[in-house]
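Engineer: My questions all concern the structure below.
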Amino acid sequence: MKIHSQTILFIAILWGSLFTANGQSWYWIEFTDKNNTPYSIDNPGEYLSERAIARRASQGIAIDPTDLPVNRAYIDSIAATGAEVLHASRWMNGITVKSADTRHVALWKAFPFVRRVELTKTADTTTKSAFSKFGTPAVRNDIDTSLYGASVYQVGLMQGQHLHEQGYYGEGMVIALLDAGYQKADEVPSLRHLFDGGKILGTRDFVNPDSNIYAEHSHGMMVLSVIGARLPGQMIGTAPEASFWLIRTEDDATEFKVEEDNWVAGAEFADSVGADIINSSLGYTTFDDSLMDHTWAELDGKTLRITRAANLAAQKGILVFNSAGNDARNSWRYISAPADGTDVIAVGATDRNGNYAGFSSVGFPGRTPVKPDLAAMGSGTAVQNTNGDIVNRNGTSFSSPVLAGMTAAFWQAHRDVPATEIRRILTISASQNLRPDTLLGHGIPDFSLADLLLNQFSNSKETTQPKTTLFPNPFTDRITLISSDNTPQSVSVEIIHASGAVVHRDQIDFTMSARLYGLQGLQPGMYFMRITGGGQTETHKILKTR
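When we follow this note's numbering, the leftmost residue of the sequence shown carries the number 71, and every step to the right adds one.
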């Protein structure tokens, strides 16, 4: 049955006038369809920026119905009941509203276009959550270097200086931060160049649109400093020449599910303005209202609304980095949402030596993909505080932007490579890729090695399916090459250290198999074997043991 929007709107106004205000509560209202929309996937310029469209096109990603805005008639009908519409989600096809009367719920559910209504924040909440998700201060580290200062460890642990030395600092990359506020970001010295140089593209507050985002919580400012700082001799961020959107989705005063819907809105906004990377140093598990708490089973990488939205952001060509969480020593213990997302890069934390940081949330045992995905320095990470001091902080809130920023510099160096391939190369280069675990996932990426791999792939004709199997791997003093091609061939074999140095070369003539001897002198660790022959090149990661 076709229902005219004018009829719906009239009924909504009539019913809404009967209700009186009590305490304010927040709700998610999900719609059944996007019927009768004036928008078309053939004309995305009406609802996406040129940069957002170009990002999809460059990676072969089609515009689809999830990109279409929510039906305006549905939104107006809900608003006419007296509800305040806070924001809409085109990906999840719904809206977040605030209402003063619980009787509105029955009215909304009666609309034929409403699929479900969910309470996401209870009325008259005045008490702050009893815990902080943002980590704790660590002992200050006064190490001084000629350029990086206190940030030398967090950059050096990933061989990030290799990119910086080539002039890749994130220029041209757009990073969207989803956080709790950016207090004094416009004042602290390490970020001054971002404002003076027009690198802050804009702000958006989905918690309180009327707020001054630079007067809210300082957490986002510290996250921004990890990526964007430029104070030579004191602190250098991982991508200080990138451009930024500063988005507030987290209300630090309370903890309710409405913040997850704020996150969804923030991620969609980041997509619409053309962000290349999202860094979210946020995560959700339990709430001030225990009836809203998530269960371990719900964090399966595809169920929760916030997780589904994070996956969609990644599927639209954005690299989505999310802190794993700081709950390893708490009763929850495991990663949070949306870090559980199958397409989200969940980032765990290490100390400056690459050792697991004991607070870093762990992945669920036996689940795939392994979580967290990657790790970076999050114990004693150098940040700038609101006083302008360079201090050290603990938390996956800071390991995530360390890695997100470094990836921006890396993607700048390889701009034509799609997001999925950037993620794959980072995983291949990581310190424990062959033996991932639930503490650090695949480990700490090596950007020198990742850069070497992509440079090699772009300069050679790479086979789509490797013809050669290596055995054993890990190895001690020899490796056997087994070819799937039963024809005589001559190949060049190179073993490459993570620094990029070729440490072993051989020319081998063989038909089905050959053995490579004399490898006992190599130091234990990760290497790459490059096999070139017949106009083709394939690369294998190998592990040398004692």
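Every residue gets a Cβ at the ideal spot worked out from N, C-alpha and C, and that includes glycine. This one's a predicted model, so the numbers in the text were calculated from it and none came from an experiment.
1) With a threshold of 16 other CB atoms inside 10 Å of the CB of residue 139, please say whether the residue is buried or exposed.
2) Can you tell me whether DSSP reads residue 325 as helix, strand or coil?
3) If I follow the unbroken beta strand (DSSP E) through residue 249, where does it start and stop?
4) Identify which residue in 508, 301, 273 has its Cα closest to the Cα of residue 290.
5) Is it buried or exposed for residue 349, if we count other Cβ within 10 angstroms and need 16 for buried?
6) Just list the alpha helix (DSSP H) runs in the region 220-271, keeping only unbroken ones of 4 residues or longer that don't cross its boundaries, in chain order.
7) Nearest to residue 143 by alpha carbon, out of 114, 103, 462?
8) List the residues that DSSP assigns as beta-bridge partners of residue 462.
9) Per the DSSP calculation, residue 595 is bridged to which residue(s)?
10) Are residue 218 and residue 316 touching if we call contact CB-CB under 7 Å?
11) Let me check understanding here. Comparing Cα to Cα, which of 595, 603, 296 lies closest to residue 449?
12) With 16 other CB atoms within 10 Å as the buried threshold, where does residue 366 fall?
13) For residue 156, collect the residues of the same chain with a Cβ closer than 7 Å to its Cβ; drop the 5 residues on either side in sequence, then sort them by chain order.
14) Is it a yes or a no for the region 483-499 touching the region 309-329, going by three-plus beta-carbon pairs under 8 Å?
15) Run the CB neighbour count on residue 505, radius 10 Å, all protein chains shown included, and call it buried at 16 or more, exposed below.
16) Can you name, in chain order, every residue of its own chain whose Cβ lies under 7 Å from the Cβ of residue 426, other than the five neighbours on each side?
17) Rounded to whole angstroms, what is the Cα-Cα separation between residue 185 and residue 502?
18) Curious, which full-length alpha helix (DSSP H) runs of at least 4 residues does the region 497-576 contain?
19) Give me, in chain order, the residues of the same chain whose beta-carbon lies closer than 8 Å to that of residue 326; leave out the 5 immediate sequence neighbours on both sides.
20) Please list the segments of the beta strand (DSSP E) lying wholly inside the region 313-379, counting only runs of 3 or more residues, in order along the chain.
21) Any contact between the region 261-272 and the region 326-336? By contact I mean 3 or more CB pairs, one from each, below 8 Å.
22) Which complete beta strand (DSSP E) runs does the region 371-448 hold, if anything under 3 residues is left out?
23) Determine, using beta carbons only, whether residue 544 and residue 609 come nearer to each other than 7 Å.
24) Taking a contact to mean a Cβ-Cβ separation below 7 Å, would you say residue 351 touches residue 467 in this structure?
25) Between the Cα of residue 246 and the Cα atoms of 125, 390, 516, which residue gives the shortest distance?
26) Need the endpoints of the beta strand (DSSP E) that residue 97 sits in, please.
27) What did DSSP end up calling residue 179 once you bin it into helix, strand or coil?
28) Ignoring anything shorter than 3 residues or poking outside the region 133-177, list the beta strand (DSSP E) runs there in chain order.
Structural biologist: Taking the definition as stated:
1) buried
2) Reduced to three states, the DSSP call for residue 325 is coil.
3) First-last of the beta strand (DSSP E) with residue 249: 244-249.
4) 273
5) buried
6) 222-226, 231-235, 262-266
7) 103
8) 452
9) 614
10) no
11) 296
12) Exposed is the label assigned to residue 366, since fewer than 16 other Cβ atoms lie within 10 Å of its Cβ.
13) Here the set comprises 166, 167, 168.
14) Flag = no, the region 483-499 and the region 309-329 do not touch.
15) Residue 505 is classed as exposed because its beta carbon has fewer than 16 other beta carbons within 10 Å across all chains shown.
16) 420, 509, 510
17) 45 Å
18) 517-528
19) Sequence-distant partners of residue 326 (beyond 5 residues in either direction) whose C-beta falls short of 8 Å from its own C-beta, in its chain, are 96, 190, 191, 192, 195, 357, 358, 359, 362.
20) 313-318, 347-350
21) no
22) 389-393, 415-420, 444-447
23) no
24) yes
25) 390
26) 95-101
27) helix
28) 154-159, 164-169
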